[in-house]
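Written out below as structure tokens is the structure these notes cover.
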Amino acid sequence: MMMMVVLWTRQTCGLDNGLALTPPMGWLAWERFRCNIDCDNDPDNCISEHLFMKMADHIVSDGYLAAGYDVVSLDDCWMSHQRDNNGRLQPDPQRFPSGIKALSDYMHSKGLKFGIYEDYGNFTCGGYPGILGHLETDAQTFADWGVDYVKLDGCYANPDDMDQGYPMFGQYLNETGRPMVYSCSWPDYQQNPNYNLIVPVCNLWRNYADIQDSWASVTDIMDHYADNQDQLSPLAGPGHWNDPDMLIIGNFGLSYEQSRTQMAVWAVLAAPLLMSVDLRTIRPEYRDILLNPAVIAVNQDPLGIQGTRVSKANNIEIWTRPISPVEGDDHSFAVAILNRGEGGTPADVELEPGKVGLNAVNGYNMTDLFDNVAHGVVKPTDTITLQVNPSAASILSALLLALALESLPGDPLEIHISVYGSVTPQSELPAVDVWNWCEEILYMMATKILNFNIGVLGHVDSGKTSLAKSLSTVASTACFDKNPQSKERGITIDLGFSSFVVDAPDQVKTGGYNQLQFTLVDCPGHASLIRTIIGGAQIIDAMMLVVDVIKGIQTQTAECLVIGEILCDHLLIVLNKIDLVPKEKQTQVIEKMTKRILMTLQHTKFAGAKVIVVAAKPGGPDALEVESVGIQKLIDSMKEFSYIPKRDQSNPFLFAVDHCFSIRGQGTVMTGTVLQGTVSVNDTVEIPALKVTKKVKSMQMFRQPVERVSQGDRVGICVTQFDPKQLERGVVCASGLVQTSYGVLAEVERISYYKLPIETKAKFHVSLGHETVMARVTFFGTEVTVSTSEKFDYEHTYKYQQELIDVTKLDDEAAYKPAHQYALLEFEKPIQIPPNTAVIGSKLDMDINTKMCRLAFRGTPMEIFTEKNFRETQLEKVRVYKDKNKEGVVERVAGEGELIVKNLIKKDTNAQLFVGLKVKLSTGEDGVIDSTFGQGGKVKVRVTSGLQDATKVALQRLSGGKKKGKAGQQENQPKPTENYEPVKIVLHFKKYMFSSVKKMVQT
């Protein structure tokens, strides 16, 4: 029996605009950059469009946007001192020359929201035009500019007028029709603010003095909110928030520990997280505080309950905030422990949950969110001890333990801890010590099961998904196109996973297994998703190719075969939809199609593969449920061709992630397949793409909790919260195993089915593991058989190739027949490359209707470049040469054995580089370039063994002789009808492509 948790949330108000349902997150200029308008002397830090665009760039590129910081807002001093002729606000023309609309558009192009500042007074605090007398005009101006967030200050205004003025401006904002978050400073300017008026009008509001860049300012604000928490805390909720002012983390006034304290308290207060820091220069340790996903998750908790200070004694304060998930009357909590002392010694703080309001009978799973330390299950009367540094804070998540009961008729009751959101009310639990039960039965030990991954591939509409569905008894949410959860997550055309278990066949029993679990990896058939198919094929032990019995092998079927040849050694062919063939013709059609398929396979590694005939969903996907045809025979064949894959548990852990999603209040779940090694609950793993490490909180294999998994297992791994959009697909591994790569050297070979040229300098889609990236290719090779080790041989010299050669089509007379071919792949963006990954190069931008194979080449990485400037630092030692030939003609004889040669070198070339190189005359003599001659690119060639007589005659004829006759006329000139071949000079040399020294080499 499974029961769903219903989360109660407060009603949204705040202008009824449906905005700011969680505290706003973003970046404001004021605290860090104030009213600096001196762009002449301080152009990088003055209030200008340049500053805000730079901050936007860093918010996107440095991970802040992905973490949730999505607003960039102007503050004071952006305006001209005068409105325009129509009474509209206008920016300072020197500092914002492009205008505010252009700046807003820039923010939106980055995926950011744009905020602006004004003042409910005659002037802003900096002395610029205020809003009084222009409320409706300014609201419409902001809407026209595409503003998403409006901060309205209160300088130079009568506080008594604000109760009418602020709501009026809010109404004008609403009437524009553009959703704009409304940030008010109203209560900060009044002695006794009327929150009954403020809360329905503003999305957030300031209650207290401006924050300054100091620890004293931060603690003053904390004390104000603690001292007035009975009044302020109940006001907060989705759509309307107390605003204690900006985060000053990363500036000059807070230490590292004090910065963590501000972040922790602001998270507990459900405060807007509005950074005011120079993102260009912030130090990494402060950036990590701002980007801490677990603390952000506390701040953004959807219940929207503001926390309070519940204990204060001997410089130690404890603040708590109720968060999700909830069960009945019990909440989970965030707990911040502050050491307000400033002495030199850390304080040991004993925390007993029940004494600070954490009274759930079954206890809480407690984790330190800054240091990612798990404290395990803590009951209300238990005590944990924390060491808290002076001026520092620890923030813990205390999550309710969700118990799930599952009972099948005739089976014993199974109890397990579930982290996936389904719970059973406490009243329905059996009257036993649940924790002792869980300790004994969490991990399945009674049956030894081998997990065997089978990729289900084929052309779109071949019936792959129907086949997977008819075989499977257990389905993940990431499977079957019509699964509601799949549709909700938008993955109906992504990899799908399901499974079923059978008794182990004899060849599997020899390994000590008594059951065999087939995990079906349903790869999409859409041509546009070939990169997903490639990723899926790299996690399978065998492949099942589904073919429409009527249509036969189609374009994508053939591409799947090619992928299978590269990445898999075991194939089973399934002819599907036999029900669409009239019964009297079925035998004939099956025999014909089987023969055609086997002929196609005869020159591949899959020659002689078994062919099974089925009807996975008779009548089609929309027909009534009818028993499938041939499924048992297919299962028997799957058992026959199964084997015990190599499961090496000694290698470092590597995990291919194919789906990623979050569960509120519990963490982020990564589903995928273990490629090598093992991992256990409480182990620390690295997510290389995010450059973070996470502790494994729990794991499930097809909804069964497990403590440990190893190579080949399909598993869901739950870790501490991070934004799942940051990791749609990728790898997770032991720390340091996978590095970011900017390029690769790979040994490659051409895929014979690809019909177009594969040329150097072209761009291809390169797939490595689950990553596909655009890369520029450079090919080279050698006719010498070199070592076949996995490392590239830097001692060898390689020949540049204009294209990748299909060596199978070269005859014995070919002038160049490489024994090995290599590719330098230069990625357009960095990717993470796992060990032992195959390379596949494709032209995925090719028109899918051309019915041509898009897979161009395959290979194995031999060198992975982890430096961004690897061309300058690492390619120097790769000895790839181009054969270069230059040809010139002898212009005249300069002396005995000396020739003046033209057209050998271009005029703008540094001819001095060629001095000393050997040349050959078309008449047979050898020579050396002695020097340059003049400014026109000519050179002087010395013929080392002297000119032959025939050459002298030829040169004399060409020059017509230099002997002059009367009137300066040359004698013995050739007649116009005589045609003599010029004497040519040929220069042959090698030029090393990656050498930083521009030097020509001759052998």
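Per this note's numbering, the sequence shown starts with residue 157, numbered consecutively. Even for Gly, the Cβ is constructed at its ideal location relative to N, Cα and C. Everything numeric in this text was worked out from a predicted model, so none of it was measured.
Residue i in three-state terms, based on DSSP
| i | result |
| --- | --- |
| HIS237 | coil |
| LYS1147 | strand |
| GLN368 | coil |
| PRO808 | coil |
| PRO801 | coil |
| ARG932 | strand |
| THR629 | coil |
| GLN496 | Gln is not the amino acid found at residue 496; the sequence shown has Arg there. Residue state, collapsed to three classes: coil. |
| ASP200 | coil |
| TRP301 | coil |
| ASN398 | strand |
| MET431 | strand |
Unbroken beta strand (DSSP E) run spanning residue i, endpoints
| i | result |
| --- | --- |
| MET749 | Segment 739-757 is the alpha helix (DSSP H) holding MET749; no beta strand (DSSP E) there. |
| CYS874 | 870-875 |
| VAL1097 | 1094-1099 |
| SER655 | 652-659 |
| GLN671 | 671-678 |
| ARG465 | 464-469 |
Beta-carbon contacts of residue i that lie in its chain and below 6 Å, excluding the five residues immediately before and after
| i | result |
| --- | --- |
| LEU184 | SER229, ASP231, MET402, LEU430, SER432 |
| PRO880 | CYS816, PHE817, SER818, THR824 |
| TYR273 | LEU230, ASP231, ASP232, LYS307 |
| GLN856 | GLY872 |
Interface flag, residue i vs chain C, CB-CB below 8 Å
| i | result |
| --- | --- |
| TYR312 | The structure shown contains no chain C; it holds only a single protein chain. |
Expected contact under 8 Å - CB spacing of residue i and residue j to nearest Å
| i | j | result |
| --- | --- | --- |
| VAL414 | SER547 | Here the sequence assigns Gln to residue 414, which means Val is not the residue at that position. Going by Cβ atoms, the distance from GLN414 to SER547 rounds to 5 Å, so yes, they are a contact pair. |
| LYS1074 | GLY1093 | Between GLY1093 and LYS1074 the Cβ distance is about 19 Å, and since that is not below 8 Å, they are no contact. |
| LEU360 | PRO428 | 5 Å |
| GLY409 | ILE438 | Going by Cβ atoms, the distance from GLY409 to ILE438 rounds to 14 Å, so no, they are not a contact pair. |
| ASP275 | GLY286 | 5 Å |
| ALA845 | GLN988 | 5 Å |
| VAL852 | ILE873 | 6 Å |
| GLY277 | ALA313 | 3 Å |
| ILE722 | ILE996 | 6 Å |
| ASN609 | ASP725 | The Cβ separation is near 13 Å, so there is no contact. |
| SER1078 | LYS1154 | The Cβ separation is near 28 Å, so there is no contact. |
| GLN663 | ILE605 | In fact, because the Cβ distance is near 15 Å, the residues do not count as touching under 8 Å. |
Where residue i falls, given that 16 or more other Cβ within 10 Å makes a residue buried
| i | result |
| --- | --- |
| TYR749 | The amino acid occupying residue 749 in the given sequence is Met; Tyr does not appear at that position. Answer is buried; the Cβ neighbour count reaches 16. |
| LYS625 | buried |
| GLY333 | exposed |
| ILE706 | exposed |
| ALA1067 | buried |
| GLY886 | buried |
| HIS237 | exposed |
| TYR322 | buried |
| ALA469 | exposed |
| GLN250 | exposed |
| GLY1090 | exposed |
| TYR972 | exposed |
| ASN398 | buried |
| ARG752 | exposed |
| LEU1069 | exposed |
| HIS921 | buried |
Cβ-based neighbour list, residue i, same chain, cut-off 7 Å, excluding 5 preceding and 5 following
| i | result |
| --- | --- |
| ASN607 | GLN673, THR675, GLY868, ASP869, ARG870 |
| LYS1147 | TYR1037, LYS1038, LYS1040, MET1156 |
| GLN958 | GLU915, THR916 |
| ILE976 | It is His, not Ile, that sits at residue 976 in the sequence shown. So the list reads GLU903, GLY937, THR938, VAL942, once near-sequence residues are dropped. |
| PHE298 | ILE272, VAL306, MET336 |
| LYS733 | GLY619, ASP704, VAL705, ILE706, ALA771 |
Residues near residue i by beta carbon distance below 8 Å, same chain, minus five either side
| i | result |
| --- | --- |
| VAL454 | ALA423, VAL424, ARG477, ILE479, ALA490, LEU525, ILE551, SER553 |
| TYR950 | LYS1033, VAL1034, ARG1035 |
| GLY833 | ASP804, GLN805, SER806, ASN807, PRO808, PHE809, LEU810, SER866, GLN867, ALA890 |
| THR375 | ARG496 |
Limits of the alpha helix (DSSP H) - the one that residue i falls within
| i | result |
| --- | --- |
| PRO1017 | Element bounds for PRO1017: not the alpha helix (DSSP H) but the beta strand (DSSP E), 1011-1021. |
| TYR442 | 440-446 |
| PRO449 | 449-455 |
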